[in-house]
Each structure stands twice: as C-alpha cells, then as structure tokens.
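Peer 1: So the sequence lines, in the order shown, correspond to chains V and E.
Taking the working numbering, I'd label the letters of the first sequence as residues 1 to 201.
Taking the working numbering, I'd label the letters of the second sequence as residues 1001 to 1254.
Beta carbons are placed, not taken as given, at the ideal position from N, Cα and C, and that holds for glycine.
Predicted model, so just to flag it, every value in this text is computed and none were measured.
Take a look at the following structure, please.
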Amino acid sequence: MTKGVGRLRWAINWGSWMQDRARWSALVLGVAVLGAAWIAYSAAPASATTGGHIPSPREGFQAPSFALTNPTGETTRLEDLRGQVVVLNFWASWCPPCKAEMPDLEAAHMANKDKGLVILGINSTVQDSAEAAQSFAADQGITFPILLDRTGEVSRQYLVRALPTTFFIDRQGIIRKVVVGGPMSEATLTSTVRNLLEAGG
Amino acid sequence: MLPILQLGPLAIQLPGLLLLVGVWVGVTLAERQAPKHGVPPAQLNNLVFLGLVAGLIGARLGYAVRYADVYLASPLSLLALTPVTLAPIDGAAIGLIVSLIYGQRKELPLWATLDCLTPGLASVMVALGFAHLASGDAFGAPASLPWAIDLWGAQRHPSQIYEILAAAVVMGMVLRLGRKAQFPGMAFLVFIALTAGARLFLEAFRGDSVIVFDGLRQAQLGALIVLLLALVGLHLRAKAEMSRRPQGKQVERT
C-alpha cells in the first residue's frame, strides 16, 4: 500500500519529468538497453517454442495418432495418412447438427478425394451404437470412411467436448483448425480444405 | 483449462464469453470516464459500438474475400457463428478506421478520447488473460517449478496467470493515474507503455513464441518498439501540452 502511495506521489511530477529532454532521453535509452538485454537473455532456438511436435489436440500441434476400425473391421491409422490433408469429424447418429453438416462433408469428399483429401467420420460409438452409425451413414449416402470409437478413447485423446467437433490436419500431420460444434458452414469447410490442399501440395 | 462450459444441451464457448464480459466492463468504464475528460458519453459509446460491429463484420468479410467464390456460392455462410472463419487483423483494421472516421466526424478530441478508452482497454487485457486461461492459448514454456501447471502434455509456466496478474496491475495503475494525469494522452500512452513492457518481460516464459532472426522472439521485438514509441510519445505530448501553460503553474521537480 505504501508503495502504491509512493508511486502516486511520483506520478504527480511525471508531467514535468517527461518534458525534460535529457532526463527522458536517458530513461528511453535505459529502457531500450534493458529491453534488448532481456530479449537477448530470453532468446530461444526455434525448436524450443513451436509448441513443437508434441501431440495435442489443438492448433499448431501434431495430431495425436490413433488406429480405429470401420464397421467391417478394417483398421485405419492416422499415421498412414501423412502426406494427405485429413479432416476428422467426430459425430453421433442422434446429434442433429452432425446430421446437418454430413451432406457438405460428403460433397467435399467427392470433390477433393483425388486431390489428396481424406475425410474420416469418427462415430462416438461409446455414446451411440455401431448399428445406428451404419444405418445413419447409409441413409445419408456417405461414401467417406466411417470409423467406430467404441471405447471413447480417441474422443478423450482429442478432448472432444461437444458433437460435432471437426479437426483439420495438414499434410505434415499438424492440426491447423478446430471447429467445435456445428453445423459448420459450407464455406468454413470448403475454404479450410482448399487452403490446406494448396499449402505444400 | 475449460474451453467449453456444458449447460445441459448448451455448449458455451467460455473464452468468448469471458472476452465479452471484458468488453462489457470496458465499455462501462469508458462511459464513466467520458465526463472527466470532456467527451460526450453518448458519442463515446457510439464510437466503441461502431468500432466493435465494424470490426466483426470486417473480420468476416476479410476472410470471405480470400475465398470469394466459396462465399458467393453460399452467401449465408457469411453469417455463420464460427470464430475460425474470421480474419482478426482485417477486423481490427476496419474497426479502427470506422472508429477514427466517426471520431473525426463528431470532432472528438483524439487524445482525450483515447484516455477515456484506456481503463476499458485495460479491462479487456485482463479478460484476454482469462480467455487464454480458459482456452489454453498463450501457454507457457515447459518448466519444473512448484507453481507449474499441467497443460498440453507438459508441466509449464502458468503464463496465462502471469498475464492476468500483469494486466491487473497495469489496470490498477492506469485507474489511479487517470485521476492524476497532467495532459491529454498521458493515461493512454502510459497504458500502452506498461502493457508493452509487460509483454516484453512475460513473452520470455511463453512456449508458443514465434521465433525470428535465429532465436529472437518476435513479440518481444514488437513490444520493445511499441514501448519506446510510447515513451517518445509521452515526451512529445508533455512538451506540447505543458509548454502551452503558464510557467508558474508547472509542478516543481523533485
């Protein structure tokens, strides 16, 4: 408290202090030198701060790897898709916004599957059922792979807190965008996918 | 970290909500400041409101222009509530320009108006810290400290807490100074200098710094430049304003 009062008294004289060119120049110079020294002291190699390539479900981090099976039992591994742009869409058959964005995902799949885009629909089977997921996919005419997260492990890994949640992963396996909730607009999907496909094709 | 607050069927994005609270407190504070600085409160309110709305629209349009054909094909997507399809820098620029035009039209005094906005800006900075804490953004460098927090797969500096504390201290100082400021622009420039100084210092503990020139943290370089400009600005403002006053009224030096 005493310190605060002291500062207050000091502030009263600041105005005239600031006018004094010599004093103020000395202050500015001092700040410049100290600031530069601090910048030099806290310098770090690029690898120390990129958020690096630690797997974590957020932008700028590496997408956590997983292996999941589709309803017929075939396994898909995220690592095997490196070099392609991957969209992970977490959904459940009882979730209306998930249903609403499915046609746009399907359209994006049809338009870009030959350009290096892979869309994976990850059904949160732990809060749904494999049968419901399958019939939902058939009803919606979905042709991109549907994977079943039976234990909820991958949803936990990706900290999915709302359905749908969509992750956009670039060719290097780095998450570039996360859209929580939905339905996302068609333009969000199209513009993001195009951006990622064009980057480092 | 608590990015989403689940209230029954409602998924609330907590960081956005916290920022909104900050802006609301900020606007309230700015409004209260207005009479002290001789700025009409209603016009100050309009200035802030116009700036925010224009900023939001500008951010979305800025993003849409880059993908014009996509948005032409589905124009309703312009109204989508997705924050990721906003271009923040475009938004800030347009919001600023619109505010400037409004201020000029209404002939609001520039420095006094900035002084009015200062406590509000300070409160937004505090809220920004809380938003970062909720989303886990602006995270710290890995560290083994008693007060390190577990975030993104490592023990890290609680950089968001540092940010909140620094912003709160700056806000306290600015509020005190607001009453004692000796010339228009003093409160604003001091706020800018303190905020830049805090960033310059705290960036060293961040784990997500952009590194330039083989090891230097970009944000620190930017902060140092802003800090020095603000200090030079203070000198120029003090000289310009105080030399207009009669000599006798000047406060004696310590």
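(1) Rounded to the nearest angstrom, what separates Leu-1151(E) and Pro-45(V) at their Cα positions?
(2) Count Cβ pairs between the region 127-134 of chain V and the region 101-115 of chain V that sit closer than 8 Å; are there 3 or more?
(3) Run the CB neighbour count on Arg-1244(E), radius 10 Å, all protein chains shown included, and call it buried at 16 or more, exposed below.
(4) With a threshold of 8 Å on Cβ separation, who are the neighbours of Gly-1103(E) within its own chain once the five nearest residues in sequence on each side are excluded?
(5) Roughly how many angstroms separate the alpha carbons of Leu-1079(E) and Gly-1091(E), rounded to a whole number?
(6) Our contact map puts Arg-150(V) next to Val-126(V) with C-beta atoms below 8 Å; I'd like the distance itself, whole angstroms only.
(7) Give the range of the beta strand (DSSP E) segment to which Asp-1150(E) is assigned.
(8) What is the DSSP secondary structure of Lys-1106(E), counted as helix, strand or coil?
(9) Around the C-beta of Trp-14(V), are 16 or more other C-beta atoms found within 10 angstroms, so that it is buried, or is it exposed?
(10) Mind reading off the beta-carbon distance from Phe-1191(E) to Thr-1118(E)? Whole number of angstroms is fine, and I expect it under 8 Å.
(11) In angstroms, rounded to a whole number, what distance separates the CA positions of Gly-51(V) and Lys-1180(E)?
(12) So, at 6 Å on beta carbons, what are the nonlocal neighbours of Leu-1234(E) in its own chain, with the 5 sequence-adjacent residues on each side left out?
(13) Kindly give me the distance between the Cβ atoms of Phe-1139(E) and Asp-1208(E), rounded to whole angstroms, as I take these residues to be in contact under 8 Å.
(14) Please return the same chain residues whose Cβ sits closer than 6 Å to the Cβ of Ser-65(V), not counting the five positions on each side in sequence.
(15) Where does Pro-1075(E) fall in DSSP's three states?
(16) Of the choices Leu-1145(E), Val-1025(E), Leu-1121(E) and Leu-1017(E), whose alpha-carbon is the least far from that of Pro-1083(E)?
(17) Should Leu-1133(E) be labelled buried (16 or more other beta-carbon atoms within 10 Å of its own) or exposed?
(18) In three-state DSSP terms, what is Leu-147(V)?
(19) Out of curiosity, what's the CA-to-CA distance linking Gln-1013(E) and Val-1021(E)?
(20) Identify the continuous alpha helix (DSSP H) that holds Gly-1051(E) and give its terminal residues.
(21) Taking 8 Å as the CB-CB cut-off, is Leu-197(V) touching chain E?
(22) Consider the Cβ of Pro-45(V): report whether some Cβ of chain E lies at a distance smaller than 8 Å.
(23) Would you list the one or two residues that DSSP bridges to Asn-123(V)?
(24) Taking only beta-carbon positions, decide if Arg-1217(E) is within less than 8 Å of chain V.
(25) Can you tell me where the alpha helix (DSSP H) with Gln-1160(E) in it begins and where it stops?
(26) Just tell me which of Leu-1076(E), Arg-1066(E), Leu-1056(E) and Ala-1187(E) has its CA closest to the CA of Val-1098(E).
(27) Based on Cα-Cα distance, which residue from Trp-1024(E), Asp-1115(E) and Ile-1094(E) lies nearest to Gly-1051(E)?
(28) Can you grab the Cα-Cα spacing for the pair Phe-1205(E) / Trp-91(V), in whole Å?
(29) Are Thr-188(V) and Ser-1077(E) touching if we call contact CB-CB under 8 Å?
(30) Compare the Cα-Cα distances from Val-154(V) to each of Thr-72(V), Leu-29(V) and Asn-123(V) and report the closest residue.
(31) For Thr-165(V), which residues does DSSP report across the bridge?
Peer 2: According to the structure shown:
(1) Here residue 1151(E) refers to the residue found at position 151 when the second sequence is read from its first residue. Here residue 45(V) refers to the residue found at position 45 when the first sequence is read from its first residue. Leu-1151(E) and Pro-45(V) have their C-alpha atoms some 21 Å from each other.
(2) No contact exists between the region 127-134 of chain V and the region 101-115 of chain V.
(3) As a first step, residue 1244(E) is located in the second sequence; it is residue number 244 there, counting from the start. So Arg-1244(E) ends up on the exposed side.
(4) Position 103 of the second sequence, counting from 1, holds the residue named residue 1103(E). Here the set comprises Leu-1047, Leu-1110 and Thr-1113.
(5) Locating residue 1079(E) in the second sequence gives position 79, counting from the first residue. Locating residue 1091(E) in the second sequence gives position 91, counting from the first residue. So the two alpha carbons sit approximately 15 Å from each other.
(6) One-based indexing of the first sequence puts residue 150(V) at position 150. One-based indexing of the first sequence puts residue 126(V) at position 126. With 8 Å as the limit, Arg-150(V) and Val-126(V) qualify as a contact, their Cβ atoms being about 6 Å apart.
(7) Translated into the one-based positions of the second sequence, residue 1150(E) becomes position 150. Asp-1150(E) -> beta strand (DSSP E) spans 1149-1151.
(8) Residue numbering aside, residue 1106(E) sits at position 106 when the second sequence is read from its first letter. DSSP places Lys-1106(E) in coil when its eight states are reduced to three.
(9) The residue given as residue 14(V) occupies position 14 in the first sequence. With 16 or more other CB atoms across the displayed protein chains lying within 10 angstroms of its CB, Trp-14(V) is buried.
(10) To locate residue 1191(E), count along the second sequence from 1; it is residue 191. To locate residue 1118(E), count along the second sequence from 1; it is residue 118. Indeed, because the Cβ distance is near 5 Å, the residues count as touching under 8 Å.
(11) As a position in the first sequence, residue 51(V) is number 51, starting the count at 1. As a position in the second sequence, residue 1180(E) is number 180, starting the count at 1. With a pLDDT of only 44 at Gly-51(V), under 50, the local geometry of the prediction cannot be trusted, and no value is derived from it.
(12) Translated into positions along the second sequence, residue 1234(E) becomes position 234. Excluding sequence neighbours, Leu-1234(E) sits near Leu-1189.
(13) Here residue 1139(E) corresponds to residue number 139 of the second sequence, with the count starting at 1. Here residue 1208(E) corresponds to residue number 208 of the second sequence, with the count starting at 1. That pair is a contact at about 6 Å.
(14) For the purposes of this step, residue 65(V) is taken as residue 65 along the first sequence, with counting starting at 1. Sequence-distant partners of Ser-65(V) (beyond 5 residues in either direction) whose C-beta falls short of 6 Å from its own C-beta, in its chain, are Leu-78 and Glu-79.
(15) Translated into positions along the second sequence, residue 1075(E) becomes position 75. In the three-state scheme derived from DSSP, where H, G and I count as helix and E and B as strand, Pro-1075(E) is classed as helix.
(16) On the second sequence, position 83 is the one that residue 1083(E) refers to. Comparing Cα positions, the closest option is Leu-1017(E).
(17) In the second sequence, the residue the question calls residue 1133(E) occupies position 133. So Leu-1133(E) counts as buried.
(18) For the purposes of this step, residue 147(V) is taken as residue 147 along the first sequence, with counting starting at 1. Correct three-state label for Leu-147(V): strand.
(19) Along the second sequence, read from residue 1 onward, the residue named residue 1013(E) stands at position 13. Along the second sequence, read from residue 1 onward, the residue named residue 1021(E) stands at position 21. Straight-line Cα distance between these residues: approximately 13 Å.
(20) One-based indexing of the second sequence puts residue 1051(E) at position 51. Start and end: 1041-1066.
(21) Locating residue 197(V) in the first sequence gives position 197, where the first residue counts as 1. The beta-carbon of Leu-197(V) is placed no less than 8 Å from the nearest beta-carbon of chain E.
(22) Counting from one through the first sequence, the residue named residue 45(V) turns up at place 45. Interface annotation, Pro-45(V): in contact with chain E, CB-CB separation under 8 Å.
(23) Looking up residue 123(V) in the first sequence gives position 123. Beta-bridge pairing by DSSP links Asn-123(V) to Trp-91(V) and Leu-148(V).
(24) Locating residue 1217(E) in the second sequence gives position 217, where the first residue counts as 1. So, interface residue.
(25) The count along the second sequence starts at 1 and reaches residue 1160(E) at position 160. Taken as a continuous stretch (DSSP letters only), the alpha helix (DSSP H) holding Gln-1160(E) covers 1159-1180.
(26) The sequence position of residue 1098(E) within the second sequence is 98, counting from 1. It is Leu-1056(E).
(27) Translated into the one-based positions of the second sequence, residue 1051(E) becomes position 51. Checked all of Trp-1024(E), Asp-1115(E) and Ile-1094(E); the closest Cα to Gly-1051(E) is Ile-1094(E).
(28) Translated into positions along the second sequence, residue 1205(E) becomes position 205. Translated into positions along the first sequence, residue 91(V) becomes position 91. Trp-91(V) has its alpha-carbon roughly 37 Å from the corresponding atom of Phe-1205(E).
(29) Reading the first sequence from its first residue, position 188 is the one you call residue 188(V). Reading the second sequence from its first residue, position 77 is the one you call residue 1077(E). Yes.
(30) What you label residue 154(V) is simply residue 154 of the first sequence in a count that begins at 1. Nearest to Val-154(V) by C-alpha distance, out of Thr-72(V), Leu-29(V) and Asn-123(V), is Asn-123(V).
(31) Numbered from its first residue, the first sequence carries residue 165(V) at position 165. DSSP, once it has assigned bridges, lists Phe-90(V) and Val-180(V) as partnering Thr-165(V).
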